[in-house]
Amino acid sequence: MNYWPLLGILLVVAGFALRLNPMLVVTVAALATGLLAGLDPLEVVATFGKAFNDNRIIAIVWIVLPVIGMLERFGLQQRAATLIRSMQKATTGKLLLLYLGYRQITAAIGLHSTAGQAQTVRPLVAPMALAAAEKEHGELDEKTAEEVKAMSAATDNVGLFFGEDIFFAIGSIVLIQATLATYGINLAPLQLAVWAIPTAILAFLIHGARLMLLDRRLRRSGK
Amino acid sequence: MITLQWLYVLAGAMFAGFAILSAADRTNGKRFGNAAFWGLMALSLLAGDLIGDLGNGLLVLGLAALAGFGFVGRGNPATTSFAEREDYSARFGNRLFLPALIIPVTALFGTLLYNYSPLGSSGLFEAKRETYVLLGLGVLLALVTIFVWLRPPALAPLQEGRRLIDSIGWAAVLPQMLAALGVLFAAAGVGDIIGGLTRSVIPEGSVFLTAAVFGIGMALFTMVMGNAFAAFPVMAAAIGVPLLIQDYGGDPAVIGAVGMLAGFCGTLMTPMAANFNLVPAALLELKDQYGVIKAQVATALPLLLLNIVIIFVAAFR
Numbered sequence: 288m289n290y291w292p293l294l295g296i297l298l299v300v301a302g303f304a305l306r307l308n309p310m311l312v313v314t315v316a317a318l319a320t321g322l323l324a325g326l327d328p329l330e331v332v333a334t335f336g337k338a339f340n341d342n343r344i345i346a347i348v349w350i351v352l353p354v355i356g357m358l359e360r361f362g363l364q365q366r367a368a369t370l371i372r373s374m375q376k377a378t379t380g381k382l383l384l385l386y387l388g389y390r391q392i393t394a395a396i397g398l399h400s401t402a403g404q405a406q407t408v409r410p411l412v413a414p415m416a417l418a419a420a421e422k423e424h425g426e427l428d429e430k431t432a433e434e435v436k437a438m439s440a441a442t443d444n445v446g447l448f449f450g451e452d453i454f455f456a457i458g459s460i461v462l463i464q465a466t467l468a469t470y471g472i473n474l475a476p477l478q479l480a481v482w483a484i485p486t487a488i489l490a491f492l493i494h495g496a497r498l499m500l501l502d503r504r505l506r507r508s509g510k
Numbered sequence: 056m057i058t059l060q061w062l063y064v065l066a067g068a069m070f071a072g073f074a075i076l077s078a079a080d081r082t083n084g085k086r087f088g089n090a091a092f093w094g095l096m097a098l099s100l101l102a103g104d105l106i107g108d109l110g111n112g113l114l115v116l117g118l119a120a121l122a123g124f125g126f127v128g129r130g131n132p133a134t135t136s137f138a139e140r141e142d143y144s145a146r147f148g149n150r151l152f153l154p155a156l157i158i159p160v161t162a163l164f165g166t167l168l169y170n171y172s173p174l175g176s177s178g179l180f181e182a183k184r185e186t187y188v189l190l191g192l193g194v195l196l197a198l199v200t201i202f203v204w205l206r207p208p209a210l211a212p213l214q215e216g217r218r219l220i221d222s223i224g225w226a227a228v229l230p231q232m233l234a235a236l237g238v239l240f241a242a243a244g245v246g247d248i249i250g251g252l253t254r255s256v257i258p259e260g261s262v263f264l265t266a267a268v269f270g271i272g273m274a275l276f277t278m279v280m281g282n283a284f285a286a287f288p289v290m291a292a293a294i295g296v297p298l299l300i301q302d303y304g305g306d307p308a309v310i311g312a313v314g315m316l317a318g319f320c321g322t323l324m325t326p327m328a329a330n331f332n333l334v335p336a337a338l339l340e341l342k343d344q345y346g347v348i349k350a351q352v353a354t355a356l357p358l359l360l361l362n363i364v365i366i367f368v369a370a371f372r
């Protein structure tokens, strides 16, 4: 068995660890892996190009950007902020739990680009979570403040990851479908998307329980 | 029949618009780099099937070189100010959510209607691609609604779209690159090698252990690659298809969907997924750049375990 192609994986790890540009890292790793497997250079480039072309469907998702951008132009984010602010009687945990549910549901219906780390977490969710924590706990020490901020970012990721696969027109569902199709297994996106639902519910329960525990810790250690 | 080809043309035309507007944007010092980058994306979508495999390969190398050597910057298309947006938000109220809902509602209900009514036998849309076609239709409907209701300037959709794609930058192309890397790994036999290594540690005939190795392998390989997209084709080739689906007769829908979600548990635990784990730590000015990852581990590990249980219980029911 020729184990040399595994060096490609090592290149990816090293490239990311050294903070090199991911586009270059991926390209170099792809070319190296092909060459180490004994393909000739032109064949490697052609294989890479064919695979990129075969996966063009992933780029289709970007056609929603002009619509999202137009809605931002007319104040959609500000509207969303107002809506979330009107629900603000909550504690840190309850607030983040609400955001988790909001993020999962909007991602599940394909609105994953209406929120995110830059768009909502930094300007909105983290400051609100911090303010709610101060209400419970009094002045926050640095460690607690860091924990609340990190949990705000984590909640966005968990909500996005375990909501978006319920929406069947998303890149990962397409990739699963395309990969299985190469083995002659043909599935409709909807057949795959329904199996994202059990994990979505479990993610909500597990992360939600941790948010409630965070509330309890804040209350106990406070004032 | 409306096929994916129509969508490639629609998306390609959009990227071509981004390229032309980028070239004309004098506020962006790297405007020609941006124009070339989005121009290549437009070429890929419009003519990818015509330029041959080697042509596509050179196109990808061009994209990587433009992004990797810093030729892609960020344009500053004219948009509304924060104050204007506050004003619009107060004026239009929650009705602003309606155009945003047109896209998902068209895609969701259109797909359901198409699949569960006689419409499905009309052959109007390419088989199994109806959702994407309806997504494109939803975009066009939403744009028409916005134009009729809010009367923006004619170029506004392209300029606002360019504003967003520039804020994402080359990262918008990375998932497609990672998918291609996965294919190359498969062509080089990486999946077979890893499959051979992992298969040698799985006791013959143990469905649960095989499912566990598949789930944990998805998570670990995703941590290494930073992206479940790259891990999935490899783990599917190594264990998912040959063992779980073909040998043990598992349901491919469960194994595919939940396997990918097991990979997402890995995404929560790796600095390689920089967009999700390192960028927010910087955005929130955390002292510990791994603070977000540390906050996620206690969610990711139990969820990974439960995903393995779901595969075992639901795929072999």
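Chains as they are written, first to last, in our numbering: chain C, 288 to 510; chain P, 56 to 372. Idealized CB from N, CA, C, for every residue including glycine.
Proximity of residue i and residue j at Cβ, strictly below 8 Å
| i | j | result |
| --- | --- | --- |
| LEU318/C | VAL300/C | no |
| GLY423/P | ILE366/P | A question about residue 423/P goes unanswered here, because the residues of chain P that appear run from 56 up to 372. |
| ILE57/P | GLU181/P | yes |
| ARG497/C | ALA355/P | no |
| TRP349/C | VAL313/P | no |
| GLY88/P | VAL115/P | no |
| ILE363/P | ALA317/P | yes |
| GLY321/P | ALA283/P | yes |
| PHE70/P | TRP93/P | yes |
| ILE345/C | PRO230/P | yes |
| TYR386/C | THR442/C | yes |
| ALA197/P | GLY237/P | no |
| THR200/P | PRO154/P | yes |
| ILE463/C | PHE319/P | no |
| LEU163/P | ILE396/C | yes |
| VAL313/C | MET232/P | yes |
| THR379/C | LEU505/C | yes |
| LEU477/C | THR166/P | yes |
| ALA475/C | ILE453/C | no |
Bounding residues of the alpha helix (DSSP H) (the contiguous stretch that carries residue i)
| i | result |
| --- | --- |
| ARG146/P | 137-147 |
| GLY388/C | 379-395 |
| ALA304/C | 294-304 |
| PHE152/P | 152-170 |
| ASN362/P | 346-370 |
| ILE472/C | From DSSP, ILE472/C is part of no alpha helix (DSSP H); its letter is neither H nor E. |
| SER261/P | Neither: SER261/P is in no alpha helix (DSSP H) and is coded neither H nor E. |
| PHE124/P | Note, PHE124/P: premise wrong, no alpha helix (DSSP H); not H, not E. |
| GLN231/P | 229-242 |
| ASN332/P | 329-338 |
| ASP343/P | ASP343/P -> no alpha helix (DSSP H), and no H or E assigned at all. |
| ASN340/C | 328-341 |
| VAL289/P | 283-290 |
| VAL256/P | Unbroken run through VAL256/P: none, as it is neither H nor E. |
| ARG129/P | Premise fails: ARG129/P is in no alpha helix (DSSP H) and is neither H nor E. |
Burial state of residue i (16 or more Cβ within 10 Å)
| i | result |
| --- | --- |
| GLY425/C | exposed |
| VAL289/P | buried |
| ALA26/P | Given a span of 56 to 372 for chain P in the structure shown, any question on residue 26/P remains unanswerable. |
| SER77/P | buried |
| THR82/P | exposed |
| GLY471/C | exposed |
| ASP343/P | exposed |
| LYS436/C | buried |
| GLN60/P | exposed |
| ASN131/P | exposed |
| SER99/P | buried |
| ALA304/C | exposed |
| ILE300/P | buried |
Below-8 Å beta-carbon distance, residue i vs any chain D residue
| i | result |
| --- | --- |
| ALA301/C | Although the question refers to chain D, the structure presented lacks it and instead comprises the protein chains C and P. |
request  = Using a Cβ-Cβ cut-off of less than 7 Å, list which residues of the stretch 174-206 of chain P approach chain C; keep chain order.
outcome  = LYS183, THR186, TYR187, LEU190, GLY191, VAL194, ALA197, LEU198, ILE201 and LEU205
query = Using a beta-carbon distance cut-off of less than 7 Å, what residues from the stretch 246-264 of chain P approach chain C?
reply = ILE248 and GLY251
inquiry  = Just to confirm the assignment: which complete alpha helix (DSSP H) runs, minimum length 4, are found wholly within the stretch 184-219 of chain P?
reply    = 185-205
task = Could you name the residues of the stretch 77-104 of chain P whose beta carbon sits closer than 9 Å to any beta carbon of chain C, in the order they occur along the chain?
result = MET96, SER99, LEU100, GLY103 and ASP104
key: Against chain P: residues of the stretch 474-499 of chain C by CB proximity under 7 Å   = LEU474, ALA475, PRO476, LEU477, GLN478, LEU479, TRP482, ALA483, PRO485, THR486, LEU489, ALA490, ILE493, HIS494 and ARG497
Residues from the stretch 56-77 of chain P in contact with chain C, defined by Cβ distance under 7 Å = LEU59, LEU62, TYR63, LEU65, ALA66 and MET69
request  = Taking a Cβ distance cut-off of 9 Å, strictly less, list which residues of the stretch 340-358 of chain C are near chain P, in chain order.
outcome  = ASN340, ASP341, ASN342, ARG343, ILE344, ILE345, ALA346, ILE347, VAL348, TRP349, ILE350, VAL351, LEU352, PRO353, VAL354, ILE355, GLY356, MET357 and LEU358
task = Closer than 9 Å, Cβ to Cβ, to anything on chain C: give me those residues from the stretch 336-354 of chain P, in chain order.
result = ALA336, LEU338, LEU339, GLU340, LEU341, LYS342, ASP343, GLY346, VAL347, ILE348, LYS349, ALA350, GLN351, ALA353 and THR354
ask   = Of the residues that make up the stretch 223-238 of chain P, which ones have a beta carbon closer than 9 Å to any beta carbon in chain C?
value = ILE223, TRP225, ALA226, ALA227, VAL228, LEU229, PRO230, GLN231, MET232, LEU233, ALA234, ALA235, LEU236, GLY237 and VAL238
request  = May I have a chain-ordered list of the alpha helix (DSSP H) segments no shorter than 4 residues that lie completely inside the stretch 56-103 of chain P?
outcome  = 59-78 and 86-102
task = Please specify which runs of the alpha helix (DSSP H), each continuous and at least 4 residues long, are wholly inside the stretch 402-457 of chain C, giving them in chain order.
result = 413-424 and 429-451
message = Short of 9 Å Cβ to Cβ, which residues in the stretch 313-324 of chain P face chain C?
response = VAL313, GLY314, MET315, LEU316, ALA317, GLY318, PHE319, CYS320, THR322 and LEU323
request  = Note down, in chain order, all residues in the stretch 313-324 of chain C with a beta-carbon under 8 Å from any beta-carbon belonging to chain P.
outcome  = VAL313, THR314, ALA316, ALA317, THR320, GLY321, LEU323 and ALA324
query = Which of the residues in the stretch 122-133 of chain P, read from start to end, lie with their CB under 7 Å from any CB of chain C?
reply = ALA122 and GLY123
Residues, ordered as in the chain, of the stretch 272-287 of chain P that lie near chain C by beta-carbon distance below 9 Å = PHE276, VAL279, MET280, GLY281, ALA283, PHE284, ALA285 and PHE287
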